[in-house]
Structures are given as structure tokens and as C-alpha cells.
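Chains as they are written, first to last, in our numbering: chain A, 370 to 1072; chain B, 79 to 393; chain C, 49 to 530; chain D, 24 to 244.
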Amino acid sequence: MISDITPFGTAFFSIILLLAAIVIAAFLNKYQKLLISVSFSITALSCLMASIAGIWGVGAGYVESTTISMGIPDLPFHLRLDPLSGFFLVVVGLLSFFVSVYSLGYVKGFIGHRSVTHLVIFYCLFITGMFLVILSDDALSFLISWELMAASSYFLVMFEDERVENRRAAFLYLVVAHVGAIAILLSFGILAGLTTGFKGFDGYTFDAMRQAEFPAGWATAAFLLAFFGFAAKAGVIPFHVWLPEAHPVAPSNVSALMSGVMLKTAIYGIVRVSFDLIGISNWWWGAIVLIFGLISAVLGVLYALMQHDLKRLLAYSSVENIGIILIGIGLAMIFTYFEMPQLAALSLLAGLYHTLNHAMFKGLLFMGAGAVLYATKERSMEEMGGLIHKMPWTAALFLVGCISISALPPFNGFVSEWLTFQAFLLSPSLQTPLLNLLIPLGAALLALAAALSAACFVMAFGVTFLGRWRGHHNSPPPFDSPLSKGGYRGVKGGNGGLEVDWYMRIGMIMAALACLILGILPTMTIGWMDALSEQLVGDKITITAGEFGWLWLTPIAHERASYSAPIVLIVVLAVVLLAYILLHIRKAAVHRAPLWDCGFEKVTNRMQYSAASFSMPIRRIFGFLFSIREDVRAVYPTGNPLFPKRLRYHLKVRDRFWGLFYKPVADASIWISRKVGKLQQGRIQMYLIYSFITIIVLLLFLR
Amino acid sequence: MNQIYPVIIEILQIAILLIAAPVFIGWIRMLKCWSQGRTSAGILQPYRDIAKLFTKDVVLAENASWIFRFTPYLVFGVTVLVGAIVPILSVDLPLSATADVIVLIGLFAIARFFTALAGMDIGTAFGGMGSSREMMIASLAEPAMLMAIFTVSLVSRSTSLSQIVHVITSKGFILRPSIAFAVLAFILIAIAETGRIPVDNPATHLELTMIHEAMILEYSGRHLALMEWAGMMKVFLFAGLGIAVFFPWGIAPKDNLIYLPAAILFLAIKLCLAGTGLVLIETGLAKMRIFRIPEFLGSAFLFATLGMLSYFILE
Amino acid sequence: MMILILLAVSFVAAIILAFVGDRRFAHEINIIGSAVTFFAGLGLAVQVNMQGPMLAGGKFFFVDYFNVYLAVLTSLVSFTTAIFSRRYMRREREHGRVGHWGMRFYHAMFQLFIFAMLLALLTNNVGVLWIAMELATLSTVLLVSLYRTPTAIEAAWKYFILCGVGIALALFGTVLLYFAAERVLGEGGEALLWTNLNQVSGQLEPTVLRLAFVFLLVGYGTKVGLVPLHNWLPDAHSEGPTPISAVLSGLLLNIALYALVRFKVLVDGATGTHQAGYMMMGFGLLSILVASFSLLRQKDIKRIFAYSSIEHMGIATFAFGLGGPIATFGALMHMLVHSLTKSSIFFTVGHASQIHGTQEMDKIRGLIKGNPLVGWGLILGVMAIVGMPPFGVFVSEFLILTATIKDAPIFTPFLLIGLGVAFAGILRRAQQMVSGSVPPSHKSLKAANIPVILHMVLVLILGIYMPDFLNQWFHKAVELLK
Amino acid sequence: MSITLAAQINSILAALILLTAFGLLVQRRIYGLLHLFAWQGLFLSISTGIVGYVAGVNHLYISSVLTLGLKVIVLPYILHILIIRMQIRKEVDTVVNIPTTMLIGIALVIFSYHLTAPIIELSTLVTKSTLAVALATVMLGLLMMITRRNAVTQIIGFLSMENGLFFAATSATYGMPLVVELGVALDILIAAFIFGIFFFQIRTTFDSLDVNSMAKLKEEE
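In C-alpha cells, the structure reads:
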């Protein structure tokens, strides 16, 4: 009985379960509390199953495919679970699992304000869409699930629809997503057409595309269309504008999913299409991916640094991390083209590993931001501070996220970036001098991005959780604030006073643990992942990676480079412990005293460094990249022109790309439509003249 | 014998690190005093400072959180770990496989990360200022550092330190333009990372010029002691790193104790020279404005890149 | 037999309603009539499914795989529209926008219109097709001006004149066709039968047919709403009562396109060139672009969707012109899903404008909160019409687009621009209307929910699970239209 | 009566029809338009009858009678009544720039001859040469609808187009099948009633039959 349970079956069943959750949700509309607990538990369960299926499938390096008779009879939905899709199933499933647990607590906050039924329904649909995207094995079902994902997340962003920024963001998001989807559709169209020349429908299946050989020109067109289509979804600069709008305004559990995993489906698409369906037939494909990756990485983190809205900051940092992932994949493409399978495997795994990592820590960070929002109703960091006293758990977990995302050992972010660096360092073995000279500069840019993101998250954590409350009203918001009506122990302010409930904490704790484990056991993870590189680039790095055993990660060769996260962790902890004990043998008293601050007096909370001031030096240095408007207005008391009562500092940092790309398009289309409107100018004679001229012209055209 | 030998080396090296770091700083300060015609407090003054701090009570700011208290220990621990990895005396350290150069940068980064957080924890304007500037400098230094490493790894086909040392020593002394450039870059970066003049002035508490000091302004007692000590070790380690990567001759090869005394001697000499060089720079230059630092590190990046290019073009 | 029922019922219903159309139970009669028609249509479908294409009434009627599904579609949509119009027109009447005569006239003409369309579909005679089309126009002209407002009359007048002229030109084309046909098939009725024409299409005189096709294209194209012959369409849709708008863009346009495609096949058969196809592609592309750009700046809720109808007819025309199995398949499916979706959109739109007492989109807000069915119906319908899965429109557009990029890559950019602009334009407006909080002007009403739900469910099913018999029909229709 | 004679008569009638078409194009007075239209119908029905006689196609008699009934008696009568009912000014507002219109008209005639020439080659009928005239009449009717600003005159233009069509049918193919002829006639009758109703509606709402008063529905700038 057990024997005939396959990974595929498990994954499929998890999807069924999700659909069931939707139906149940529809019926439980009346009892909101029950609705939340039931449907989110089901969702969590199914996501867990999906990720198990994925782990199992990848581990077994196993492929199963089937067709279910939906869609057009001649083109039923093909589903397929291979290592690649299995891996992404893990990425999506795992985080969705954490987030669903988290939602059990988070969504309760909406009760009493609005019905959460359609939030729940679209949440489930959203996850279903992502699973289907990963599993689907023909163009039609892929696009259907792709757009299903987009549409449901659109409604999720729209959830609090009375706020205008939600509507604007949702609209922008859907338009960009749809345009991207059309590009993908076209690329599939090319592939299908070249496969069968549209004699029938079977050209649309991925299998047919895998077998087919494509002429270089068409292949390039298909690749570019697909890449830009997916890039629009992944938020690669300059297609990123929707991302910092949509992610912040969505409910935090949703933004966690959107940032954490929805972007990854785009990565999946790029890998699937370029490596699996088309096959790399030009080295500069890789170069394009690499360049876009680098641009996104650096600009993304720079923009992130300029934000003061916590969730916006996280959104921009997603742009950065997508960039880092693309760097790995781009390198992999280049290596593949030059037939260096081992290096290709290394860089591909680096990219995919970062995909997994980013899902974990970005999910964690968004959940943390959600918790803060939940407790304080405040999105602007400038108003926060000192929350580490009020919500110790959240603070600690958020810190874990920050460390991981800033690529600091021994957490997971570091491993993947280290592997990427190794890939860069190995590029000199390429035989093209030009690339040899240029790729290292890419490495430098990556280093820059990494360091900047460390700065960025020092700012994020420091300003949000450390120091003292910066808000204009002198303490964190009173506790009976609307969102947290379920109510916890009615402590006002005090220690742990604002801490969120256990569901949310557990969700975050699990994510944090995932970050740690992925960080200290990279060798095992890579051993597990090698089925991927086997499938895509036909080589694996496990043998060399595990050469020294599980303790040391040694890509390529141990004299090349090695890294042992466990030892780092253990030694540091040991030393810390030792020092601590030694210093506490002799009891030295610890006095609490007011700030010394170089002997300055009357230090108020508003004097602390804020996000704006923290990022000032970097803003100065990289200012040319932004459109910055800052003005200082001094407010003078009447009759005293010399000593200003207070200074108003106003700073506005804007994304250049909006003005560069998007506004022109909008203006142009309005202009055209105004011109076209002249056609319809009311007088019937005119219309008759149109018909008259039309027929004359056609008759002439005939001759 | 061969089993315990590396362990001995390891312990010896950590011991040397802990002991010699203050002496090295003392030496630098002494030279400085002489060069400025002051009478110095003696080479052992750093010991006295640390000892004194250890005996003092701790005064914590009101809303300092656990991060503020945890940071000194972490920084200390990380620095010691780095010390256990950089081959100062001999190449066969059991821990050397734990991390290559990039990981070392990562380790320094995590120390910096927490220091910066500690600076923001107590919620003063200075703390934030220090953290902000520190992170800015770090993020500019990192790319240059990576390019330097890249150049070296081009020569040695590796980023693991003992391997680099091994390769370079075994190849014997060759004049390489790429390495020369890399050295230049490394020196500039080291100055920036360790917060010496002209980037930062460790000796000042002038509000608006301090960077590193601003972050640890509120520390006292054993916390401050640990921070100071770690700082000294950092300087020492950067010197050691530079030596190991660029002038490794004299570092003991695998499996024989005979070389050890010689290695220690060589190390002492090299460190003295390094200290002298540093003092010359510090007395020669004045501290630069904060927004000149990008140019400073930019030139470091330029040197490193030139090194890389010259490897491909000239070698 | 079925065919006779199909036609007779609506005709009889028209006559009855002409007398009792203003009674309370008139709505029910209307519904029952169209219900019977619908079931007759189903019966016909079953029959065709079993026995394949057939002639009836002495070669006067014929059913093949191309027109059978259109016939079923027509009867279905008219049925649902009748259900919708029950609640809708009741309310209109309560608000005194329509009087006794109005109601009688409305009901009679509604049924007559259905009769005309079914006749146009099922007849085997080109001339009768023409007559039926004219009849369809005439029966709806006065419905457009039902409210007697100046704008309504203006719209009706334009509709009347433009379509009249168009149809006249179509007649000239028909004459030419007959002229060519009789030289092959001899004098008399035989020469105007589709079934005969299709057999001998190879021998028809190409020069004449080319000339004929120009007139037919301009003539029937006017009713399809191809740019630049489209100008009557937005006016008629926006000024007439909503049920009429629903059937106009849901059905009438389809029928006209149906005629056009039949002629295209004939002409291609005769000339052996792809000229007719190119003409249709040109018109289709022009319609897509102009329509999508015009709907950007619309303020009237019904006008914007009228323009979207033009756009979608353009897509279908383009696809038919493109030809090839996939594109044609897509086009056939597009006709089906578009009329289902669009009519359901018009249902919701009608209620929306009743709720807020205006057709200005800026004044319509918070539909989802105010009246969930209307709100969700509208936004989901819009999602469907702009081509979001899992609805059927996506599938058809998917097929058409993929076929285009391979067979006519030059046109793809224009197609995309059109689709993209239309997407943004419609969605922006729809979103404003459904979201937000309910304005004070909001009046609650009982919406006719069956038609909306039914249509959306059908579109959804077509999107994710197309029944096999339909698939077979389409494939055979594709064979016919080769 | 011999074929040739019939052909000659027919072509004379064709010429007359063309003439009336031009007349309609330039005539200002509404009654004049009405009479011209009636004449056109008369010529049409006569020619239909003759063709029917010559070709021995009996149902052409029916259609000729129909034409006579509709185009010569009923429609003009209805229009007449309407004009009196809503006391439209005798002098209809001027056609836009008569000379140009006429030039265009002539161009149209040439064009339609040019178009129909190759078709006429194919035809074997005696009446083939008149196809060009038929097409020209249709075009001229359309042109008239474009150039006139009064609802009634537009309708007359429309109907003269229909005349052209009938003429085409008879001349090119000895008439369409009977069922079609009847259906077309029926449609025209319905159309007549409809525009009758329209006139009243327009009249009552815009209190003039000037179609230019109906230009509200347009894209605002």
C-alpha cells in the first residue's frame, strides 16, 4: 500500500487538498474564526505534503508525468514532477507551510473589520497556482496556472481596497504581470510553431519542445521573450516598478509569499525554458542574464537603503536577491555554453541554493515586518525604535533574518553567496579573454551589493528594534489598537507587551531554523540537490563538495577553497562562552545609568539616527542614481528672524525608472487615444464618407 | 607526534595572537610618540589599560538590550577564530580548512555587523552616526578587497590561505606587477578596515570625526576591554594576513618543528616593519573628510583591478 | 423538424407578445418562448451530433458544424437575456422609462430579432441570409431608440442609416455573387444555396467574386463593427436598453461575422488566392488597434464595453483571415466565449448602472461591497474578457496569438499593443467601479443572478475543460473553412 | 419586339435612371426630389418589365409590379404625407457645393464603368451593358446621402440606392430568385414604416429634420 504512494501522487493530493480548502472556506463564510483556523490548517498541511513530495522527488532524482483531461481535449493538461520542479516545490511548499501557520494568527487581526473569506480563498488559489506552474508540463496549462497565480495575488493585493495605494499597486502589478505573461506566451508560441508548424496541438507540450531542434535566430527570439516575460514577474530592474508598490500594501502573510516564493516561479521559468526546453545556444544569453542580475542586485539594494517603509525596503531587497540568483544562473549558462559542466553545476547550484535561502529569510523578514505592523500599526521605520524590549521574540527572529540576508556566516545567505563568489573566481578558466576581464568586475559588483545589503539591514534592524521609540507620541501605540483586538495579556508597553501570539511566532521560528540549518549543513543540501545539476547541466559537484565529509564544503577541490560552517559556529560559541565564564568568575556589578553620550545633555528620542540619516552617506555617494528632492525649511517664531523655532527636513527619493520607462508609455497611449477619438466625431455624413472611402479604396486595391 | 603537532601549532598561534596583539599596538603607539617627539607610555601600556578595564564595574545605558551586552563577546570570539585560521607561524593549522579568505571577510563582517547594531542599540546620535559611517566604509572596501583576493587567487589558483602561502613560497620569489598592485590595494583597504588615519582616528573622541569610537562610546568595564582587545587583534591580524598573503617567506611549512623558532623570529621582524610603515603613514597624513573616503577606497579598487588586468595582460 | 420549431417558436412568440407584451406575465411568456427555442436548439445540436450535417425544408435550411454551435449559442444567450430582462425591464418600467407600448414593442421585437438571427444562421440561401440580416437590423433599430431621449434617437438613426447603407452594399455583392453563380448553376434558387455554391466554388468566376467580396465585406463588415465602419456600434450599445446591448454585441456581431466567413471561404475557393484573408486581417488589426485605444478614454460604462466588443470582433476577424487550423479553431472558440462573457458583462453593467442611477463610470463605486454578485460578476467578467485565465477567452487568445507569431510575426506587435492597451484600459475602470466603499447614491436592487452565474460558469468550464463534442465540432468546422 | 430593340429601350431607360440619379444629387426642392425619385422608380419598373418580357422570365413581372407599387406609389405617397404632416420647409437646405458633387458623381460613373467592364465581358445577357449604370446609381445614392443634411433627403438617397440595386439585379442576372425579391421588398416596406416613425421622433425631439442637430454622441476632446 505504502509502496504505491509516489512523490507525484503526494504533490497531486496536496493540490486537491488546497481546492478542498477553498470549497470549505466558501461554506464557512459565516463563522470567520473557524474559517481561518480550518482552512489555514488544511493549507499548511497540504503545503507540508507538497514540500515532502519535493524533497523526496529530488532526493530520488525521480521523474513522473501524467495528463489530466482538462483544457482542450487535444491538449490536456500535462503534469510532470522532475528534480527541477521538485526543488521548486520544496521552495514554495516549505515557505507556504510556515506562512500558513503564521497566518493562523495574523489573519485573525482582520476579524471585526472585514470579511476574510475571499482573502482565504484567493490565498489558497494563489498557492495552488504556484504549485501548478511548477508541475505543469505544457504551454497552455503552464500559462493558465501562471495567470491564475497572478490574478489571485492581484485580488490579494487589492484586499484592503478602500486604500487608493492598494488599488493603484494592484493595477500596476497586474498590468506588468500580464504583459510579461504575453511575452512568455509568444515565446511558447515560437517554440510550439517550430516544433510542429501548427499542424496540430501536440507541439504545445514541453516534451515536444525538449525533443525539437531550434534554428538559432528563432531560439534567441524565444529565449529573449521568455526571459523578459519572466523578468517582469521576477521584478528584475527595469521591470521592477510594480514590486515595491504591490508587496508593501498586501497583507503581510501574502507579501511574504509574493516576495518569498512567487518571484521564484519566474526563476523556475527562466531555468526551465533556457536549460530544459531550448538549450543554451549562445554564450551571450548568459551574459544578458548576468548583466541584468548585476544591475538588479546593486540598484535593488541601493533603492532598499533609501526606503523608510519597512516592507518597501524588504521588497526592494527582493529585487536585489533576485539579481544575485540571476547572476548564478547567468554564469551557469555561460559555463554550459563553453562546455564546463562542473563549473556550470557549481554556479547553477549557487543560484538555486540562493533561491531556496532567499525564500526562507525573506519570508521570515516579511513575517517579522508583519508582526511589527500587527503590533504597532506603523509601517514607517522613522516612527519606530526600541521594539526589542516590547517584542523580544520577533526581534530575535527578525535579527536572524537580517544576518542571513546580509550574507554573514554561519547562516544560509552566506553559503550561496560564497558559492557564487567561487563560481566567479573560477571564471578565468574560460577561454575567451574578454569574458575573463569582464566577469571579475561582476564579482566586485556582487561584493558591493552584499556589503550594501549588510548596511541596509543594520539600518532596518537598528532603526526598527533598537534605540528608543522614535514616534511623535512618546510610547508605542496603546494596546487596544484595532488590529490586535483578539488581545493578549493586557500589558501596556512593558516587556514583551506587544509580542504577537504563538502561531505567528512558531511560523517565524520554523523559518529561522530553516535559515540556520541551511546555513550550517550546506554539504548535505548540495548532496541532495545534485539531481538538479545532473538533470540540467549533466554534472554534479557533490563528490568534490563532500570530499572532506559533511563537515567541510569544498566545491571543485579542497585546495581550491573550503568552508565549514559548523566549525565556525562551534568555535565562536565556545570562545564566547569561555570569555563569558572567565569574566563572570569575579562578580563585577552592572549599573544601569542614563546615557553618557559624550556628556551631551537632554538627549531626546527624536535625536536618534533615523533611517534617512543612516543612509545619508550612501545617498551622497550614489546620489546620481536616484532622483532626490530634499529641502530644509526653517520655521521662525514671529518677530524673530534669527533663531528658527524648528527645522523641517523633507526628503523624497524616487525611482528613476518610473519616469524613464513607464510614464512615457502611458502618456503616449493617452495621446494616441485622443487622436483616435477624432474618428468618432458625431456627424453621420462623416461616417457615411468613411464607408464610401473604404469601398472605393478596396475597389482600387482590387485592381 | 604528527597528530598533536598541528594542535600545538594552533594553540601556540592563538596564544601569540592574544599576547602579541597588544604589544604590536604598544609598539605602534611608541613609535608614534617618538616620531611626534613625545615620551611614550611604554610598549606594555595596552596591557595595563585592558587589565584596568577588566577590574572595573560595568555601566550600562538604560535601554541597552541584550545585543549591546552580547556584542563584545561575539566580536572577541570571531576575532579569535580568525586568528586561529590565518597562518601566521605555520601552514598546517587544523582549522585553516575551516575558512578561506572570503569566509574571513565574512567573519570580520559579522563582527562589524554586531558592532554597528550595538552602536544603534543605546539610541544616541553618535552611535548611529558611527554605525552608518562604518557600514558605508565597509561596503566600499569590500569590492576592492574582493578584487585584491581575486588577483591573488589568479596567481595561486586558490583562496584558501595555507594553499596561497604554500604556492607562493614554493614558487620562490618572483616579481609580479599584479601582486604589487594587490599589495598597494590591500594596504589601503587594511587602513580603512582597521580604522587608522587617514580614514579614522582611533585616538580621538572629537564628536564629528570619530567612526569606530563613536560606536563603542557607551561601553565600559569588561565590555570595553573585550572590544579594545578585539580591535588590537584585528590590526594584528590584518598585518598577519598581509604578511601571509604577500610576504609568506619564513612561515613554517608542514610537519617540522625546527622551523618554528625561525618563523617566530621572521614574524617579529615583519611585524616591526609593518608597524613602522603604519606609523609613517599615520604621521605623514592627516585624517581626511568623510566624503573623501570614497575616493580613497576607489583608488584601492583601481589598484586591485589593475592588478587583475595586469595579470591577464602581462603574465 | 427541430429547425422549424426553432424558428416558429420565436416567430409565434413575437406575434403573441405584440399583443400582450405589456402585461405582467409578458416577461414570463418571453422567457418561456426563448426557453423553448433554447431547448429546440439543444435538440438540434444533439441531432447534428448524431447524424452530422443535414438539409431540411427542401434544401431551404441546412445545418453544419459551423452554424450549429452558433445557433445553440444564439438561443442560449437570448434565453438568459430574457431572464435578465425580466428583472431589468420591470425596474425600468417602475422608473417610468418605458411605457405600455414600449413594453409590447420591446418584447415583440426582441423575439423577432431572435427569429431573424436564427433564420440568418440556418438558412441555406444567400439571399434569405441577406433578408434576415436586414430584418435583424430593422427589428433592433427602434429598440435602440426605446427611451426616446435625444441621444437614443440619434444613436438609432445612425444605426439605421449606416447599417442600411452597409446592407445595401451587401445586397449588391450578393447580386454579383448570384451573377457569377448562375453561370455555373443555372437560373433560379439553386444558384444561391450555400450547399451548391460550396461545391462549385472552384468554377466561379474569380474577378466577379473578388468584386463581390469587397461589397460583402463592407456590407456585413459594417454590422460586424469593423473599423472604420464601426461608428454606429458604440452609440447603439450605449443608448439602447441593456438587454439589447447584450444581444447586439453577444449575438448580432457573431452572425454578421459568420456570414462574412462563409463568403470568405467561397471567394478563396474561387480565386485560389489568400486575398480575402488579407483584407480581413487588415480590417481585424485596424479594429483591434482603434478600438483598444478609443476605450482608454471612455467615460460611459456601456460604451467602453462596446469598444471592447469591436476589439474582440477584430481579433476573431483577424484570426479567420489568418486561417490555418489553430487560428481558425481559436477564432471559432473566440466567437463563442466572447459572446458569453460579453453578454454577462452587460448584464452586470446594466444592474450597476441601475444601482447608481448613472452610466458614468466615475460615479460608480464600491460594487463588491454594495452588491457582491454584481461586483464580483463584473470584475470576473472583465478578467475573463481581457483574457485572464482560467476563463475561455484566454484559451482562444492563446491559440490565436501563438498561431500569429509563427505565421505572421509582423503583425504580432500590433496585436499585442492592442491587447495590452485594452487590458489596461478596461481593468483600470472596472477596478475603480468594484472596489472602494459604497457611495450614498447607491440604491439596492434584486439582481438577476442566474444569467450571470450561468454564463461565467460556462466560460470558466470552456477555459479549463472543453467538452469533447464541441472540440469535434470545431475541428470539423475548421475542415469546412479550409 | 425584338431583342435588339428591347436592349435599346433598356439602355435608354438606363440613361434616364442615371439622369434621375444625378437630378436627385443636385435637386434642392424637396418635392422635386420626390418626383424625381418617383420617376426613377417608374423607369426601373418599366425596364424590369421589358427585361422580363424579353428574357421570358415571368417572375420579373411580379418584381416590376412590386417596384411600381412600392417605389412609384407607396413610398412617394408616404413621404409626401410625412412632409405635409410636419410642414417641412419647401426649400431644403442647399446641397454642399453642387459643382464638386457633380464632378465627383461623374468620376463615380467612370469608375463604376471601369469596374464593371471586365464583368460585362463575361455576361451573355442583352442587358449586360447597364450594369455599370446600376453600380453608378448605387454610388450616387450613397453620395447623395453624404451630401444632404436633411433626414428625408437622406432617406430618398437610401431608396435610390435600393433602386440601383434592383436595376443591377435585373440587368445583370434577369432578377434574383423570387423569394429574395419578395423578401427585399418586404424589408423595404418595413424600413419605410420605420423611417416614418423616425421622422416623427426626430421631429418631436429636435424640432427639425436636420441631421446635423444629431451630433451629440462623440468622443469629447
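Ideal placement from N, C-alpha and C gives every residue a C-beta, glycine not left out.
With a minimum length of 3 residues, there is no unbroken run of beta strand (DSSP E) contained wholly in the segment 136-196 of chain D. Close to chain B, meaning a Cβ-Cβ distance shorter than 7 Å, are the following residues of the segment 946-962 of chain A: Ala948, Tyr949, Leu952, Ala957, Ala958, Val959, His960, Arg961, Ala962. Taking 8 Å as the upper bound for CB-CB distance, glycine 498 of chain A and glycine 549 of chain A are not in contact here, some 15 Å apart. Contact with chain C is found for aspartate 210 of chain D, since one of that chain's Cβ atoms lies less than 7 Å from the residue's Cβ. Burial check for histidine 285 of chain C: the Cβ neighbour count within 10 Å reaches 16 or more, so the residue is buried.
Our two residues, phenylalanine 132 of chain C and lysine 494 of chain C, have alpha carbons roughly 11 Å apart in a direct line. Aspartate 410 of chain C sits exposed, since fewer than 16 C-beta atoms from the chains shown fall within 10 Å of its C-beta. A Cβ of chain B is located within less than 7 Å of the beta carbon of leucine 817 of chain A.
In the structure shown, the three-state DSSP call for arginine 196 of chain C is coil. In the DSSP assignment, no residue is bridged to lysine 271 of chain C. If the five residues before and after methionine 527 of chain A are omitted, its C-beta is found closer than 8 Å to the C-beta atoms of Asn535, Arg536, Ala539, all from its own chain and listed in chain order. Between methionine 98 of chain C and the set C:Ala432, C:Ile349, C:Leu241, C:Asp112, the nearest pair of CA atoms involves C:Asp112. Remark: fewer than three beta-carbon pairs, one from each stretch, lie closer than 8 Å, so the segment 240-256 of chain C and the segment 183-191 of chain D are not flagged as touching.
Residues of the segment 1009-1042 of chain A with a C-beta less than 7 Å from any C-beta of chain D: none at all. For glutamine 711 of chain A, the closest C-alpha among the options A:Ala561, A:Ala926, A:Met1055 is that of A:Ala926.
Taking a 10 Å sphere around the C-beta of tyrosine 1005 of chain A, we find fewer than 16 other C-beta atoms and assign the residue as exposed.
Using a Cβ distance threshold of 7 Å, glycine 423 of chain A and valine 459 of chain A count as a contacting pair.
Taking CB atoms only, glycine 206 of chain D has a neighbour in chain C less than 7 Å away.
Cysteine 493 of chain A counts as buried, since no fewer than 16 other beta carbons sit within 10 angstroms of its beta carbon. Contact of valine 295 of chain C with chain D is not assigned, every C-beta pair being separated by 7 Å or more. Under the Cβ criterion of 7 Å, leucine 126 of chain D is not counted among the residues facing chain A. At a cut-off of 7 Å between beta carbons, phenylalanine 1070 of chain A makes no contact with chain D. In this model, methionine 109 of chain D and phenylalanine 221 of chain D are separated by some 12 Å (Cα to Cα). Residues of the segment 198-217 of chain C with a Cβ closer than 8 Å to any Cβ of chain D, in chain order: Pro198, Thr199, Ile201, Glu202, Ala203, Ala204, Trp205, Lys206, Phe208, Ile209, Gly212, Val213, Ala216, Leu217.
Burial check for phenylalanine 557 of chain A: the Cβ neighbour count within 10 Å reaches 16 or more, so the residue is buried. DSSP places proline 445 of chain A in the strand class (E or B) of the three-state scheme.
In terms of beta-carbon proximity, methionine 184 of chain D stays away from the interface with chain A, with every pair separated by 7 Å or more.
Residue-level contact by beta carbon fails for leucine 417 of chain A and chain C, as no gap is shorter than 7 Å. Our two residues, leucine 224 of chain C and alanine 304 of chain C, have alpha carbons roughly 19 Å apart in a direct line. Put simply, the backbone Cα of histidine 677 of chain A is about 32 Å away from that of arginine 413 of chain C. Near chain A, meaning a CB-to-CB distance below 9 Å, no residue of the segment 265-278 of chain B qualifies. Counting along the chain, isoleucine 997 of chain A sits inside the beta strand (DSSP E) bounded by residues 996-1004.
Boundaries of the beta strand (DSSP E) harbouring leucine 103 of chain C: 102-104, taken from the DSSP string. Look at leucine 920 of chain A here: in three-state DSSP terms it is coil, with no helix or strand label.
With at least 16 other beta carbons inside 10 angstroms of its own, tryptophan 205 of chain C counts as buried.
For phenylalanine 325 of chain B, there is no enclosing alpha helix (DSSP H), as DSSP marks it with neither H nor E.
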